[in-house]
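Student: Be aware that the sequence shown starts at 48, since it is given in my numbering, and climbs by one per residue. Even for Gly, the Cβ is constructed at its ideal location relative to N, Cα and C. The structure presented is a predicted model; accordingly, all values stated were derived computationally and were not measured. Questions regarding the structure given below will be posed in turn.
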Amino acid sequence: MRDGDLIRVDIAARAPDSRVGEAGLESRCSATGRQPPRFMRTAQAKLLMLVRSASECAMTG
C-alpha cells in the first residue's frame, strides 16, 4: 500500500480490501526491483532470494 490508497475494511469478515485496481497493482509489482541479499551463504539468503514480502505482492520466485 502507498500513501493515499483507498482501503475498505469489512468488519464482519475482518478483511481489508484495497481499492487500487488490478492494473495499478500489476504496474507496482513490475516496477518493484529485487535487491540482492546481503548474505549469500545462509538459508536466510536463499529464502530472501525466493520469497517476496507482502509489500511486494507476496510472490514466490
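For a quick check, are the C-beta atoms of Ser65 and Asp52 less than 8 Å apart?
Tutor: In this structure, Asp52 lies closer than 8 Å to Ser65 by Cβ.
Student: Using the Cα positions of Asp74 and Ser102, report the straight-line distance between them to the nearest angstrom.
Tutor: A quick correction: the sequence has Ser, not Asp, at residue 74. When rounded, the distance between both Cα atoms is 13 Å.
Student: Is Arg126 helix, strand or coil when you go by DSSP?
Tutor: Past the boundaries of the shown model lies residue 126; the chain is included only from 48 to 108, so the question cannot be answered.
Student: How many angstroms separate the CA atom of Ser77 from the CA atom of Gly71?
Tutor: For Ser77 and Gly71, the distance between alpha carbons rounds to 10 Å.
Student: Please state whether DSSP places Ser65 in a helix, a strand or coil.
Tutor: Strand.
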